[in-house]
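Residue numbers are given in the numbering used here: position 81 of the sequence shown equals residue 173, and the series is strictly consecutive. One structure below.
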Amino acid sequence: MNLEFKTKGVCARQINLEIEDGIVKDVKFIGGCNGNASGISMLVKDMKVEDVIKKLKGIKCGFKDTSCPDQLAIALERIINEGCNGLICFIL
Numbered sequence: 093m094n095l096e097f098k099t100k101g102v103c104a105r106q107i108n109l110e111i112e113d114g115i116v117k118d119v120k121f122i123g124g125c126n127g128n129a130s131g132i133s134m135l136v137k138d139m140k141v142e143d144v145i146k147k148l149k150g151i152k153c154g155f156k157d158t159s160c161p162d163q164l165a166i167a168l169e170r171i172i173n174e175g176c177n178g179l180i181c182f183i184l
C-alpha cells in the first residue's frame with residue numbers, strides 16, 4: 093500500500109510511504125532537510141510499523157511541538173487506527 097501524508101508544523105510538506113504487511117518498505121519526505129530525512133528513511137526501512145511509532149513518536153524539532161520523525165509516527169498511527177482516513181492511499 094502506498095500512502096501520502098500531508099505534514100503539519102514541519103519543514104517537510106508531505107511524507108510518501110510504502111507499507112506492506114505491517115512493515116515499512118519505503119519512506120520519502122517531500123521538502124525539509126534532505127540529509128536528516130534520508131537518514132530517517134533508511135533507518136526505518138524494513139521495520140515493523142509499531143516499532144517505528146515507538147521510536148519516533150514525540151520527538152520535537154527545536155522550538156516546534158513536532159518534527160519530521162514525529163510526523164512519520166503520526167502518519168503510521170493513523171494507518172493503524174483509521175486505515176486510510178485522512179491520508180491519500182494508493183493500493184498497488
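Quick reminder that beta carbons are idealized off the backbone N, C-alpha and C, glycines included.
- Straight through space, the alpha carbons of G124 and C103 are spaced by roughly 4 Å.
- In its chain, beyond the 5 residues on either side, M93 have a beta carbon closer than 8 Å to the beta carbon of E112.
- In chain order, G101 and V102 place their CB closer than 8 Å to the CB of K156, counting only its own chain and leaving out the 5 sequence neighbours on each side.
- Relative to the Cα of N108, the nearest Cα in the group V136, V116, T99 and L95 belongs to L95.
- If you draw a 10 Å sphere on the C-beta of S159, you find 16 or more other C-beta atoms in it, and that means buried.
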